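Number of protein chains: 2
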Amino acid sequence: MKPIPVNPDRLLAELAELRRFGAQGKGVARMAFSEPDLASRALLAERMRDAGLEVTVDACGNLFGIPPGVGPCLLIGSHSDTQPLGGWLDGIYGVLCGLEVARASLESGGPRVAVVSFQDEEGRFGGLTGSAVWAGVMPLAEADALHDAEGARFADARCTVGRIAPVAEVPAGRFSAYLEAHIEQGPVLDQSNEAIGVVEAIVGMRGFTLRFVGQANHAGTTPMHLRRDALRAAAQFIRDLEEAFAPHVTEKTVWTHGHLAVEPNAASIVPGKASLSVQMRDPDSDRLETLMAIALELAETIARDRELALEIEQGPRFEPVPMSQALVAAITAAAETHAAGAWRRMPSGALHDASNVAQVLPVGMMFVPSIGGISHNPDEDTAPEHLVRGLVTLADAAGRLAS
Amino acid sequence: MKPIPVNPDRLLAELAELRRFGAQGKGVARMAFSEPDLASRALLAERMRDAGLEVTVDACGNLFGIPPGVGPCLLIGSHSDTQPLGGWLDGIYGVLCGLEVARASLESGGPRVAVVSFQDEEGRFGGLTGSAVWAGVMPLAEADALHDAEGARFADARCTVGRIAPVAEVPAGRFSAYLEAHIEQGPVLDQSNEAIGVVEAIVGMRGFTLRFVGQANHAGTTPMHLRRDALRAAAQFIRDLEEAFAPHVTEKTVWTHGHLAVEPNAASIVPGKASLSVQMRDPDSDRLETLMAIALELAETIARDRELALEIEQGPRFEPVPMSQALVAAITAAAETHAAGAWRRMPSGALHDASNVAQVLPVGMMFVPSIGGISHNPDEDTAPEHLVRGLVTLADAAGRLAS
Chain A
1 MKPIPVNPDR
11 LLAELAELRR
21 FGAQGKGVAR
31 MAFSEPDLAS
41 RALLAERMRD
51 AGLEVTVDAC
61 GNLFGIPPGV
71 GPCLLIGSHS
81 DTQPLGGWLD
91 GIYGVLCGLE
101 VARASLESGG
111 PRVAVVSFQD
121 EEGRFGGLTG
131 SAVWAGVMPL
141 AEADALHDAE
151 GARFADARCT
161 VGRIAPVAEV
171 PAGRFSAYLE
181 AHIEQGPVLD
191 QSNEAIGVVE
201 AIVGMRGFTL
211 RFVGQANHAG
221 TTPMHLRRDA
231 LRAAAQFIRD
241 LEEAFAPHVT
251 EKTVWTHGHL
261 AVEPNAASIV
271 PGKASLSVQM
281 RDPDSDRLET
291 LMAIALELAE
301 TIARDRELAL
311 EIEQGPRFEP
321 VPMSQALVAA
331 ITAAAETHAA
341 GAWRRMPSGA
351 LHDASNVAQV
361 LPVGMMFVPS
371 IGGISHNPDE
381 DTAPEHLVRG
391 LVTLADAAGR
401 LAS
Chain B
1 MKPIPVNPDR
11 LLAELAELRR
21 FGAQGKGVAR
31 MAFSEPDLAS
41 RALLAERMRD
51 AGLEVTVDAC
61 GNLFGIPPGV
71 GPCLLIGSHS
81 DTQPLGGWLD
91 GIYGVLCGLE
101 VARASLESGG
111 PRVAVVSFQD
121 EEGRFGGLTG
131 SAVWAGVMPL
141 AEADALHDAE
151 GARFADARCT
161 VGRIAPVAEV
171 PAGRFSAYLE
181 AHIEQGPVLD
191 QSNEAIGVVE
201 AIVGMRGFTL
211 RFVGQANHAG
221 TTPMHLRRDA
231 LRAAAQFIRD
241 LEEAFAPHVT
251 EKTVWTHGHL
261 AVEPNAASIV
271 PGKASLSVQM
281 RDPDSDRLET
291 LMAIALELAE
301 TIARDRELAL
311 EIEQGPRFEP
321 VPMSQALVAA
331 ITAAAETHAA
341 GAWRRMPSGA
351 LHDASNVAQV
361 LPVGMMFVPS
371 IGGISHNPDE
381 DTAPEHLVRG
391 LVTLADAAGR
401 LAS
């Protein structure tokens with residue numbers, strides 16, 4: 001296997017160039033189908049053409065650069081849209097790594113490598129919308145009915161795709177596998193001084209909302225034993241769940257109560273209602289079911305003991321997505337070569353386009369560190385050395401897979 | 001001692017009459033110095049004059065009806081303003097009881113009894129404003145600077161007092177003691193099927209806000225051991241405080257977390273900040289200090305253990321107000337006469353005008369039941385039988401005091 005001779009300076013220069021599209025201070029505002037997003041996709045299309053790739057955009061705005069030749073080839077990429085005000089690396093790092101690997105391989109007569117930027121990963125309309133439609137997870141008609149916070153419809157927004165490149169559908173059959181490099185968006189690699197994360201699985205998620213309903217009362221005139229205090233119930237649930245989960249979780253399990261709404265929420269009134277979000281993530285589907293059952297039983301016990309009503313509203317539910325063993329092996333070998341002793345296998349706690357693409361192709365994912373674990377924030381950053389090490393490792397893995 | 005021969009039918013008729021001022025459905029909207037408040041005070045002034053009382057309003061809008069004769073006399077009353085949308089009995093019950101006792105006593109050649117309706121008890125501007133100024137607890141200049149939610153100033157609102165009655169100051173020296181009847185606004189009498197509550201003390205209060213400050217993070221990518229979750233700290237505080245307080249509280253102690261604000265309060269983000277109200281009420285000042293110290297120590301321990309910053313903002317602080325022993329004895333004797341076996345001594349968990357008046361006069365308070373403990377709500381109600389039993393008991397106590 002001959003290594004693909006990537007040029008790190010081109011990656012760093014193009015990252016800086018793309019940062020200007022939608023720049024706001026240190027951050028980037030480049031939501032799907034905004035003017036900066038369309039302009040940046042047009043520039044990406046131009047760079048792909050300059051590299052000798054055949055450029056196509058599909059009806060959803062997913063932008064592909066495919067090398068000449070026949071037969072399925074490796075696809076590398078991510079997304080180039082951002083959060084309403086996001087960081088300068090989230091998504092675009094994986095797209096530009098894909099572009100550099102594809103270009104360097106073409107230049108050096110290496111294996112055929114294609115590149116993609118999926119659309120609306122960050123959820124102006126739905127979240128992972130472009131890859132969901134492309135992988136057949138969501139019908140286009142369903143995506144078309146999505147709308148953003150201001151009411152603009154995905155169906156109307158995507159009429160602009162012709163401004164980016166020639167429009168055509170790009171069947172999954174043109175590719176053999178999908179590789180995605182991404183910033184970690186968490187603190188694990190940064191805290192452990194490691195350079196590469198080899199993703200074993202994108203974790204699954206179970207979410208629901210608990211609503212404890214008691215009785216709002218005067219905080220001075222209602223004796224403790226006559227209260228039906230919804231916030232006390234929610235607090236007990238949060239606290240006791242830590243103990244109830246302890247025997248069942250691993251270091252890869254996380255659970256979060258990110259949202260709590262109290263009614264009437266006044267210092268002198270005993271809370272009558274408390275709505276609490278519960279979100280659990282784990283790479284193991286069975287464990288998620290176990291945790292869900294424990295949480296619901298605890299909530300019911302607390303509501304019964306405190307004479308409260310309990311309402312449960314189901315929320316998001318995603319199954320874990322294991323990465324392809326062949327791709328994990330290739331990234332592992334590359335990491336051992338370029339970051340010996342400074343890499344780890346880990347789950348992805350966040351969802352990525354790879355979650356959808358896994359429905360139609362073998363997928364692999366690789367992380368580089370996020371300084372302080374910060375992401376979805378203008379302060380998001382990664383050391384240049386780590387950006388480069390990621391590119392070199394990805395190119396090595398691509399060489400192993402595509403040869 | 002000759003009983004004061006009150007006429008319950010006049011009380012019930014006047015309660016129904018006053019209910020029409022500011023009526024909204026079953027409730028009443030009669031905030032201080034609103035048109036319905038001014039009109040109802042003008043009617044009260046007319047009824048006082050018809051009863052043979054000398055009518056005066058002071059600069060704050062406190063309305064007095066004083067019998068002819070010399071020397072200090074007993075004062076009975078409460079307030080006739082309401083919450084933005086309150087019930088039909090809160091305050092006005094005590095004023096009309098005072099009017100009926102004063103009138104019946106004059107008619108029957110009984111002891112001299114005066115009546116008062118204090119202004120802005122319910123806090124359109126400040127809360128207990130009229131009685132605070134009258135009792136010298138708050139300088140008039142300070143009250144004048146208060147403004148309502150729309151920015152209207154107390155100083156401007158009180159320019160209307162001349163529409164109610166002749167304006168003059170009414171020194172506390174004109175009275176020997178103050179008696180206030182009020183609906184309980186809590187569930188204790190209703191649940192125990194008792195008719196009369198003899199108030200021993202208006203409880204004291206300590207309030208403060210705890211603000212736990214950690215780090216907002218992605219709920220998928222941040223491992224549990226690297227989180228600094230502000231909501232988990234607040235939940236632990238609420239839960240552990242129950243245990244920490246248990247050895248120190250009595251059945252008269254209450255404590256409430258009525259307000260909790262989480263930031264950023266999104267299901268997929270580990271909470272970075274949580275602000276929690278803590279409010280404790282007890283008739284014993286020393287106990288309040290003990291509880292305050294326990295709460296602060298617990299909060300500091302939790303913040304330290306979880307590596308969070310802790311900010312503490314002091315809130316309202318009221319000392320307990322004991323009732324006069326002589327007035328408690330008179331109300332007790334009257335309750336034993338008119339509600340034998342169906343009365344209890346109890347604290348007042350809510351503040352009342354009596355809290356302020358206690359600074360200048362011996363004070364006593366008496367409760368009648370609130371159905372379901374409901375108050376500050378259009379559903380507030382009390383059985384007619386209990387309204388009447390309260391009047392008769394109050395008149396009996398007044399006779400014992402004024403003779």
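Going down the list, the protein sequences come from chains A and B. Take 1 as the starting number for the first sequence in the UniProt record's numbering and just add one per residue. Take 1 as the starting number for the second sequence in the UniProt record's numbering and just add one per residue. For glycine and all other residues, C-beta sits at the position ideal for the given N, C-alpha and C. Predicted, not measured: the structure shown is a model, and the values here were computed from it.
Along the chain, which unbroken stretches of the alpha helix (DSSP H) at least 4 residues long are found entirely within the segment 23 to 81 of chain B?
35 to 50
Below 8 Å CB to CB, which residues in the same chain sit around residue 213 of chain A once its five sequence neighbours on both sides are set aside?
230, 272, 273, 308, 309, 310, 311
Consult DSSP for residue 165 of chain A and reduce its assignment to one of helix, strand or coil.
coil
Inter-residue spacing [alpha-carbon to alpha-carbon] between residue 94 of chain A and residue 232 of chain B
35 Å
Output, in chain order, the set of chain A residues within a Cβ distance shorter than 9 Å of residue 70 of chain B.
None at all; the shortest Cβ gap to chain A is about 40 Å.
CA-to-CA distance, residue 219 of chain B to residue 208 of chain A, given in whole angstroms
14 Å
Could you check whether the Cβ of residue 207 of chain A sits closer than 8 Å to any Cβ belonging to chain B?
yes
Which whole runs of the beta strand (DSSP E) in the segment 260 to 312 of chain A are 3 residues long or more, in chain order?
260 to 263, 273 to 282
May I ask you to list, following chain order, the residues of the segment 207 to 232 of chain B that have a beta carbon less than 7 Å from some beta carbon of chain A?
207, 217, 218, 219, 220, 221, 222, 223, 224, 226, 231, 232
Could you name the residues of the same chain whose beta carbon sits closer than 8 Å to that of residue 177 of chain B, not counting the 5 residues immediately before and after it, in chain order?
74, 75, 324, 326, 327, 361, 362, 363, 364, 401
What does residue 347 of chain B pair with, by DSSP beta-bridge criteria?
B:201
What residue from B:267, B:261, B:278 has the CA that sits closest to residue 254 of chain B's CA?
B:278
Rounded separation between residue 275 of chain B and residue 264 of chain B - CA only
12 Å
Does any C-beta atom of chain B lie closer than 8 Å to the C-beta of residue 200 of chain A?
no
CA nearest to the CA of residue 16 of chain B, picked from B:389, B:84, B:50, B:96
B:96
Looking at the structure shown, is residue 183 of chain A part of a helix, part of a strand, or coil, going by DSSP?
strand
Under 7 Å, CB to CB, which of the residues in the segment 256 to 278 of chain B have a partner in chain A?
256, 257, 258, 259, 260, 262, 265, 266, 267, 268, 269, 270, 271, 277
Where the beta strand (DSSP E) through residue 125 of chain A begins and ends
It is not in any beta strand (DSSP E) - residue 125 of chain A carries neither H nor E in the DSSP assignment.
What does the Cβ neighbour count give for residue 182 of chain B, buried or exposed, with the cut at 16 atoms within 10 Å?
buried
With DSSP collapsed to three states, give me the class of residue 222 of chain A.
coil
Does the beta-carbon distance from residue 87 of chain A to residue 348 of chain A come in below 8 Å?
no
Distance, residue 132 of chain A Cα to residue 170 of chain A Cα:
14 Å
Beta-carbon spacing of residue 280 of chain B, residue 206 of chain B below 8 Å:
yes
Between which two residues does the beta strand (DSSP E) containing residue 460 of chain B stretch?
What is shown of chain B runs 1 to 403, which leaves residue 460 of chain B out entirely.
When you compare the CB of residue 184 of chain A with every CB in chain B, is at least one pair closer than 8 Å?
yes
From the DSSP output, in three-state form, read off residue 193 of chain B for me.
coil
In chain order, what residues of the same chain have a beta carbon less than 8 Å from the beta carbon of residue 12 of chain A, not counting five sequence neighbours either side?
384, 387, 388
Check whether the segment 49 to 68 of chain A and the segment 108 to 118 of chain A are in contact - that is, three or more C-beta pairs closer than 8 Å.
yes
Nonlocal neighbours in the same chain, by C-beta distance under 6 Å from residue 252 of chain A, ignoring five residues either side
283, 347
Taking the continuous alpha helix (DSSP H) assigned at residue 21 of chain B, which residues delimit it?
Neither: residue 21 of chain B is in no alpha helix (DSSP H) and is coded neither H nor E.
Return the CA-CA distance between residue 322 of chain A and residue 339 of chain A, expressed in angstroms with no decimal places.
23 Å
Could you give the first and the last residue of the continuous beta strand (DSSP E) run that contains residue 114 of chain B?
113 to 118
For a contact defined as C-beta to C-beta under 9 Å, what are the partners of residue 425 of chain B on chain A?
Because chain B spans 1 through 403 in this model, residue 425 of chain B falls outside it and cannot be assessed.
May I have the straight-line CA-CA distance separating residue 294 of chain B from residue 22 of chain B, to the nearest angstrom?
45 Å
Opposing strand residues paired with residue 93 of chain B [DSSP bridges]:
DSSP, once it has assigned bridges, lists no residue as partnering residue 93 of chain B.
Using 8 Å as the limit for Cβ to Cβ distance, is residue 191 of chain B near chain A?
yes
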